[in-house]
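Number of protein chains: 2
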Amino acid sequence: MKCITEKSEDKIKDAARRVFLKKGFDGTTSRDIAREADMNIALTNYYFRSKEKLFLEIFSEVFAQYFSNTIEILNKKIGIKEKISEMIEHDFDMMKNEPDMVIFIMNEIHKEPDRLFTGMSHFKQLQETYFTKQLEEGIAAGTIRDLRMENLLPLIKCSVEFIYLAKPIHKKLYNMTDEDFEKFAETQKEHIKEMICSYLVIG
Amino acid sequence: MKCITEKSEDKIKDAARRVFLKKGFDGTTSRDIAREADMNIALTNYYFRSKEKLFLEIFSEVFAQYFSNTIEILNKKIGIKEKISEMIEHDFDMMKNEPDMVIFIMNEIHKEPDRLFTGMSHFKQLQETYFTKQLEEGIAAGTIRDLRMENLLPLIKCSVEFIYLAKPIHKKLYNMTDEDFEKFAETQKEHIKEMICSYLVIG
DNA sequence: CATAGTTTTAAATGGTTGTTTAAATTATTC
DNA sequence: GAATAATTTAAACAACCATTTAAAACTATG
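Taken in order, these protein sequences are the chains called H and Z.
Each step along the first sequence adds one to the number in my numbering, with nothing skipped, and position 152 is 152.
Counting the second sequence from 1 gives a position; my numbering is that position plus 1000.
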């Protein structure tokens, strides 16, 4: 049976995701969510028992999304340089499509780390990728600098994600329009690729 | 006349700074601040008129602090490599001493960029440093890669600040204690220095 | 010590919060 | 199509929010 109209439960969840991502847990009220979903206030609790439960459900989905594509790319059977390039491209796209995601995750985890780490299976997946094997082989062969996965990954992620995290500051600092900023980001992207690859690959 | 005990106004401001940095504007109540300062609730409004006014005052101080030492270092009469190294060391120290600062600034600006940028004189100071001149000279002489200040600065800041922003994730991801994390951060620091300097300096 | 000014207090303000209730409406089942 | 279950609604709940009030306590000055 096809459903043209979204089910109420999903409508609320989607609306809540949008509002939570934009305003964070503390900045969001149950009434904000109901208004965004265009539904009665009581329904939030009817379907999800509490604001907290709804939030936790959404957070773990967003957190999984943050890692999922990364794991996919890390497992691709392509060369290291190409892989790093693709990782960086993917991160750029992610920051463009989901500009609120990273700051949301960082901020919520920062406020209460313990409550949010429950059954995170992405973690093991992230450590056991083909990329880790590639790195080890390259290091053994002397073509890749001796660098552990957990040191390399932040070097990649930070460069891309940070400039978007600090986008409002950059815009203000150098008097940029949104268009200017995207140009700036493109330039930055090439620097990042070049810098990381030339550091990683020996000779 | 010496004051052994802090004045009430300062006590409130200091307490508010601590709470705001930890929980953000939305997560902080006037009662939280009064409790932290060990004072009556009404005093917050007696001295600062409103929670919003108190917040804005604190935010602009924190934001200035975030840039102040950076500007100082950029104006030092030392070599580029040494300067980058010092910048990185400074950022590490800052993240250790004020672990809440960067995520606080990023998050508050992200939520409402316009309200927080009022009379930020640090911006011009940041663009007109001795470091900019050094870069231009190096580029002209062919010893430094053609890289604009606004592209280089994020490369430095991101690497350091991001790993601390993602500290809870790293700890969870690689099962680290706080001690383990500090060791990890030290290793990362050396990679960052080496990577940025070897990219920037030609030959 | 009286008085004027400043600081602190307990209590109350009106509004908003997350959540619940119980009735009304719609959908499903036999 | 009547009975049962699931969904939606308006209204209410106590708790808490930022802020204000007006009286009390304190300090300084003459």
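Don't be surprised by glycine CBs; every beta carbon is placed ideally from N, CA and C.
These figures come from a predicted structure and were not determined experimentally.
Run the proximity test for residue 67 (chain H): is its beta-carbon closer than 7 Å to any non-hydrogen atom belonging to the ligand SAM? Because no ligand of any kind appears in the structure shown, any question about the ligand SAM cannot be addressed here.
Can you tell me whether residue 93 (chain H) is buried or exposed, with buried defined as 16 or more other CB within 10 angstroms of its CB? exposed
Paired residues, beta bridge with residue 201 (chain H) - DSSP: H:144
Quick one: grab the DSSP three-state call for residue 1078 (chain Z). coil
Distance between residue 196 (chain H) and residue 1201 (chain Z) (C-alpha atoms, nearest Å): 15 Å
7 Å CB neighbourhood of residue 1001 (chain Z) in its chain, flanking five on each side removed: Low local confidence applies: a pLDDT of 31 at residue 1001 (chain Z) is under 50, so the model's placement there is unreliable, and no value is given.
In chain Z, what lies closer than 8 Å to residue 123 (chain H) by C-beta? 1172 and 1173
Within 10 Å of its beta-carbon, does residue 188 (chain H) have 16 or more other beta-carbons around it, so buried, or fewer, so exposed? buried
DSSP-derived helix/strand/coil call for residue 38 (chain H): coil
Tell me which residues share the same chain as residue 1103 (chain Z) and place their Cβ nearer than 7 Å to its Cβ, disregarding the 5 neighbours each side in the sequence. 1165
Span of the alpha helix (DSSP H) holding residue 151 (chain H)? 149-165
Leaving out five residues before and five after residue 1099 (chain Z) in sequence, what residues of the same chain have Cβ atoms less than 7 Å from its Cβ? 1164
In chain H, which residues lie with their C-beta within 7 Å of the C-beta of residue 1159 (chain Z)? 155 and 158
Flag residue 1110 (chain Z) as yes if its beta-carbon sits less than 8 Å from any beta-carbon of chain H, otherwise no. yes
How many whole angstroms separate the CB atoms of residue 1109 (chain Z) and residue 169 (chain H), which I take to be in contact at a CB cut-off of 8 Å? 6 Å
Listed by chain order, chain H residues near residue 1081 (chain Z) by CB distance under 7 Å: Per Cβ cutoff of 7 Å: no residues; residue 1081 (chain Z) is ~15 Å from chain H at best.
Determine the contact status of residue 1066 (chain Z) and residue 1095 (chain Z), defining contact as a CB-CB distance below 8 Å. no
Hey, is the region 1172-1187 of chain Z in contact with the region 113-126 of chain H, meaning 3+ C-beta pairs nearer than 8 Å? yes
Run through chain Z and tell me which residues come within less than 8 Å of residue 90 (chain H), C-beta to C-beta. None at all; the shortest Cβ gap to chain Z is about 17 Å.
Note down, in chain order, every chain H residue with its Cβ under 7 Å from the Cβ of residue 1198 (chain Z). 199
Check the Cβ-Cβ distances between residue 182 (chain H) and every residue of chain Z, and say whether any is below 8 Å. no
Please confirm whether residue 1012 (chain Z) and residue 1041 (chain Z) have their CB atoms less than 8 Å apart. no
By the 9 Å beta-carbon criterion, what residues does the region 1016-1040 of chain Z contribute toward chain H? 1022, 1023, 1024, 1025, 1026, 1027 and 1028
What's the C-alpha gap between residue 43 (chain H) and residue 10 (chain H)? 12 Å
Should the region 1050-1069 of chain Z be regarded as contacting the region 1176-1183 of chain Z, the criterion being three or more beta carbon pairs within less than 8 Å? no
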